[in-house]
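Novice:
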Amino acid sequence: MPIKKYNIGLTQWGLKEWKGKFYTDDAAQHQFLKQYATVFNSVEGNTTFYRAPSPETVLKWGADVPDGFKFCFKFPQGITHYKRLKDVERDVMDFLDLFEPIRDKLGPFHIQLSSQFSYNEFPKLEEMLEYLPPHYHYAVEVRHPDFYDRGRQERRYFELLKAHSVDRVTFDTRKLHSIKGGNESIRAAQKKKPKTPVRFDATASRPFVRFVGGNDIVQNEAYLKEWAIITADWIKEGHHPYIFMHAPDTLYAPPLARHFHRLLSEFIELDSMPASPKERQNEQLGLF
């Protein structure tokens, strides 16, 4: 795993459309994660938001990735959106216990709260952070405007995360929502993705950034360079950032992440990102 100073990845590994473009031409779906992990060292585990995996699946995921790879599994929507953190301690513990066999391959668990989860419900978040097992790491994403008031409410939220060494998730959709007259994938993403304010200060040692812009690398250049500068500063300060690249059309996410890594290498010393499985396949074919 040549990328060591930070973790970078995408929203998923199972996109069938990557076959023959990012993955090899002959890749079977059960090989996708193994091929993905030859390039990236992290992934957002969005699948767990909708359904808990079986213990056997968890073990297979762990076996498919090398040392140094980190999954950032999302808390189930039953906990965060349906019950909205009320009386969920047993649910939380059962969920976390699923991943104990692959503990060394876990990054921060992603706790994404509903856009309706307001400051009035803050005590429920306080209560949950009190009982979360400290041997795991966590990152919280809030979407309600209450938590971005630049006043007492935001300050109390910031201080709560710092007190528990929990990272804040920054979901940067500024570029996405600035695009006028985009194609269907852009318009669909604009309807789905929230307009949450962007904050650059870290609350713990694993700053967690989710970036979604346009499909074209050039469209995103200014924002990616800004994040490269901030990520480099975090690394110099001793933090270990987690950076996840989204694209409205997920086909474009791998080159977007590769470009970010190239920009970051202008500010700190980094090994090159490995070639994709498809690129390596083409190199092999070229030898013959």
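Residues in the sequence shown are numbered consecutively from 0, following numbering that gives the first Met the number 0.
Yeah, the Cβ is synthetic: ideal placement off N, Cα and C, and Gly gets one too.
Keep in mind the model is a prediction, meaning the values are calculated, not measured.
Could you give the DSSP three-state label for Q313: helix, strand or coil?
Specialist: Not covered by the structure: residue 313. The range shown for the chain is 0 to 287.
Novice: S275 by DSSP, collapsed to three states: which one?
Specialist: If DSSP states are grouped into helix, strand and coil, S275 belongs with coil.
Novice: Keeping to the same chain, check which residues put their C-beta closer than 7 Å to that of L95; ignore five residues upstream and five downstream.
Specialist: Excluding residues within five positions, the ones whose Cβ falls inside 7 Å are P132 and Y135.
Novice: Exposed or buried, what is M272 when buried is set at 16 or more other beta-carbons lying within 10 Å of its beta-carbon?
Specialist: When all chains shown are included, M272 counts as buried.
Novice: Which class does T249 belong to by DSSP, given the choice of helix, strand or coil?
Specialist: Here T249 sits in helix by DSSP.
Novice: On the CB-based measure, 16 or more other CB atoms within 10 Å of its CB, does H29 come out buried or exposed?
Specialist: Exposed, since its Cβ has fewer than 16 Cβ neighbours within 10 Å.
Novice: Do you know offhand how far I2's Cα is from D66's?
Specialist: Rounded to whole angstroms, I2 to D66 spans 12 Å at the Cα level.
Novice: Please classify G150: is it buried, with 16 or more other beta-carbons within 10 angstroms of its beta-carbon, or exposed?
Specialist: Answer is exposed; the Cβ neighbour count stays below 16.
Novice: Since E120 is in the alpha helix (DSSP H), which residue starts that stretch and which ends it?
Specialist: Element bounds for E120: n/a, residue is neither H nor E.
Novice: In the structure shown, what three-state DSSP assignment does R205 receive?
Specialist: Correct three-state label for R205: coil.
Novice: Would you say Q11 and V42 are within 9 Å of each other, going by their C-beta atoms?
Specialist: Yes, the Cβ-Cβ distance between Q11 and V42 is below 9 Å.
Novice: Tell me which residues share the same chain as G13 and place their Cβ nearer than 6 Å to its Cβ, disregarding the 5 neighbours each side in the sequence.
Specialist: Contacts found: F31.
Novice: Return the chain-ordered list of same chain residues with a C-beta closer than 8 Å to the C-beta of S204, the five sequence neighbours on each side being excluded.
Specialist: Contacts found: S164, D166, G237, H238 and H239.
Novice: Measuring straight from C-alpha to C-alpha, what distance separates H80 and S113?
Specialist: The alpha-carbon atoms of H80 and S113 are separated by roughly 5 Å.
Novice: Helix, strand or coil: which one does DSSP assign to F210?
Specialist: Correct three-state label for F210: strand.
Novice: Quick one: complete beta strand (DSSP E) runs, 3+ long, within the stretch 71-130?
Specialist: The qualifying runs are 108-111.
Novice: Which class does G61 belong to by DSSP, given the choice of helix, strand or coil?
Specialist: If DSSP states are grouped into helix, strand and coil, G61 belongs with the helices.
Novice: Can you tell me whether A27 is buried or exposed? The criterion is at least 16 other CB atoms within 10 Å of its CB, across all chains shown.
Specialist: Its Cβ having fewer than 16 others within 10 Å, A27 is exposed.
Novice: Is it true that the CB of G213 sits closer than 9 Å to the CB of P288?
Specialist: Lying before the first or after the last residue shown, residue 288 is absent from the chain, which here runs from 0 to 287.
Novice: Once the 5 residues before and after L97 are set aside, which same chain residues still bring their CB inside 8 Å of it?
Specialist: A51, P52, P54 and V57.
Novice: In chain order, what residues of the same chain have a beta carbon less than 8 Å from the beta carbon of K20, not counting five sequence neighbours either side?
Specialist: Contacts found: L250 and K277.
Novice: Is the separation between the beta-carbon of D171 and that of F210 shorter than 9 Å?
Specialist: For D171 and F210, yes; Cβs fall inside 9 Å.
Novice: I need the straight-line Cα distance from D215 to K4, nearest angstrom please.
Specialist: Computed Cα separation, rounded: 26 Å.
Novice: Once you ignore the five residues that flank K104 on each side, which residues in its own chain have a CB closer than 7 Å to its CB?
Specialist: The residues are G61, V64, F68, K69 and F70.
Novice: My output table needs one value for V139: the three-state DSSP class, helix, strand or coil.
Specialist: Here V139 sits in strand by DSSP.
Novice: When the distance is taken between beta carbons, is F266 closer than 9 Å to A221?
Specialist: Going by C-beta atoms, A221 is not nearer than 9 Å to F266.
Novice: Considering only residues of the same chain and omitting the five flanking positions on each side of K224, which have a CB-CB separation below 6 Å?
Specialist: Counting only Cβ-Cβ distances below 6 Å, and skipping sequence neighbours, we find L262.
Novice: Select from D86, T37, F121 and L269 the residue whose C-alpha is nearest the C-alpha of E158.
Specialist: Nearest C-alpha to E158: F121.
Novice: Return yes when the Cβ of L9 is within less than 9 Å of the Cβ of H258, no when it is not.
Specialist: For H258 and L9, no; Cβs fall outside 9 Å.
Novice: Is I216 helix, strand or coil by DSSP?
Specialist: Three-state result, I216: helix.
Novice: Which residues in the same chain as L128 place their Cβ atom closer than 7 Å to its Cβ, once the five residues preceding and following it in sequence are excluded?
Specialist: Closer than 7 Å at Cβ, skipping near neighbours: L159, H163 and V165.
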